Amino acid sequence: MKLNRHFYQKNTLEVAEELLGKNIVREQNNTYMKAVIVETEAYIGKDDTACHASKGLTQRTEVMFGEAGHAYVYFVYGMHYMLNIVTEETNFPAAVLIRAVEPIEGMEAMIKNRCLTGKSLTGKSLTGKSLTGKSLTGKSLTGKNLSNGPAKLCQALNINKSLNGWDLTLGKKLWIEENPSLPEFQIGNSPRIGIGYAEEKDRIAAWRFFIKHNPYVSRK
DNA sequence: GTGAGGATGCACT
DNA sequence: GTGCATCCTCACG
Numbered sequence: 739m740k741l742n743r744h745f746y747q748k749n750t751l752e753v754a755e756e757l758l759g760k761n762i763v764r765e766q767n768n769t770y771m772k773a774v775i776v777e778t779e780a781y782i783g784k785d786d787t788a789c790h791a792s793k794g795l796t797q798r799t800e801v802m803f804g805e806a807g808h809a810y811v812y813f814v815y816g817m818h819y820m821l822n823i824v825t826e827e828t829n830f831p832a833a834v835l836i837r838a839v840e841p842i843e844g845m846e847a848m849i850k851n852r853c854l855t856g857k858s859l860t861g862k863s864l865t866g867k868s869l870t871g872k873s874l875t876g877k878s879l880t881g882k883n884l885s886n887g888p889a890k891l892c893q894a895l896n897i898n899k900s901l902n903g904w905d906l907t908l909g910k911k912l913w914i915e916e917n918p919s920l921p922e923f924q925i926g927n928s929p930r931i932g933i934g935y936a937e938e939k940d941r942i943a944a945w946r947f948f949i950k951h952n953p954y955v956s957r958k
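If you count the first sequence from 1, you need to add 738 to reach the numbering used here.
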């Protein structure tokens with residue numbers, strides 16, 4: 739059962755926490771990839787200086803100002819995509835960043851995607867990946883290295899700008915499946931990662947959620 | 001095991 | 001021109 743619009747229209751912190759344990763599903767050329775969400779972060783409104791929307795409505799951020807349940811996919815560091823899910827009501831810019839997932843189905847396709855997307859358009863290797871499922875130094879791209887980070891999971895699931903604005907309630911290409919909620923004691927929280935530019939109140943806000951002891955969580 | 005540094009393109013002053 | 005909601009490799013213990 740895919741999650742409906744109502745699920746995403748709630749308070750962003752609530753959505754971020756409830757997304758833990760849910761399955762993200764990616765359909766690509768009749769191949770299905772499935773993974774459990776194990777780490778999320780909430781970015782909430784113009785007053786949150788870590789949130790891209792704090793600078794107002796721009797071409798980049800307009801999806802966040804739109805209807806809940808759509809994907810906000812953006813590009814950073816010249817090489818990485820990030821997947822967010824828009825929350826709350828229309829015109830209130832907020833989203834949940836998916837930071838890490840644990841693959842449960844279609845892992846071969848994910849490994850292939852990770853190898854392929856690590857290359858530039860000119861075919862030159864950017865990060866030392868070969869097509870053998872290992873990096874050039876022999877480090878495995880399988881196991882937790884497959885999707886224990888926001889850019890990694892986008893590579894594995896082949897999520898890119900073409901999915902920016904995609905409606906996750908359609909149940910096609912990309913959506914989230916219902917799963918039983920996790921017991922409270924399995925959920926940890928902490929400040930968000932990689933937002934040193936934000937104001938202190940936002941840097942210290944514990945708006946990152948993760949499944950305790952799950953090996954796919956990106957950092958302690 | 002940890003930490004520095006580079007790769008890289010796009011949105012936005 | 002600046003600065004990223006990152007990942008990978010290499011050097012060092």
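Every residue, glycine too, gets a C-beta built ideally from N, C-alpha and C. Values in this document were obtained by computation on a predicted structure and should not be read as measured data.
Measuring C-alpha to C-alpha distances from glycine 926 to each of Gly934, Gly932, Asn952, Asn917 identifies Asn952 as the nearest. In the structure shown, glutamate 938 adopts helical secondary structure according to DSSP, grouped into three states. Just so you know, the alpha carbons of aspartate 785 and leucine 920 end up roughly 30 Å apart. Rounded to the nearest angstrom, the Cβ distance from threonine 750 to threonine 825 is 4 Å, consistent with a contact under 8 Å. Under the criterion of beta carbons closer than 8 Å, threonine 855 and asparagine 896 qualify as touching, at roughly 7 Å. As the crow flies, the alpha-carbon of glutamate 938 is around 15 Å from that of tyrosine 781. Sequence-distant Cβ neighbours of asparagine 902 in its own chain, meaning closer than 8 Å and more than five residues away, are Val801, Ala809, Tyr810, Val811, Tyr812. Taking 7 Å as the cut-off, the Cβ atoms of threonine 907 and arginine 743 count as close. For leucine 891, the enclosing alpha helix (DSSP H) has its first and last residue at 888-894. DSSP places threonine 828 outside any alpha helix (DSSP H), giving it a letter other than H or E.
Going by DSSP, isoleucine 849 is part of the alpha helix (DSSP H) stretching over 845-855.
Excluding the 5 residues flanking it on each side, isoleucine 842 has same chain C-beta neighbours closer than 8 Å at Asn761, Lys772, Ala773, Val774, in chain order. Isoleucine 836 and valine 753 have their alpha carbons spaced roughly 11 Å apart. About 19 Å separates the beta carbons of alanine 847 and valine 776, which is beyond the 8 Å limit, so they are not a contact pair. In this structure, arginine 852 lies near glutamine 893, with their beta-carbon atoms less than 7 Å apart. For serine 900, the secondary structure class from DSSP, reduced to helix, strand or coil, is helix.
Annotation for histidine 818: Ala889 place their beta carbon closer than 6 Å to its own, counting only its chain and skipping 5 residues before and after.
Within the model, the alpha-carbon separation for lysine 882 versus isoleucine 823 is close to 23 Å.
In this structure, the beta-carbon distance from threonine 787 to phenylalanine 947 does not fall below 7 Å. For arginine 957, no alpha helix (DSSP H) run applies, since DSSP gives it neither H nor E. Its Cα nearest to that of glycine 759, the residue Glu916 stands out among Gly932, Glu916, Gly934.
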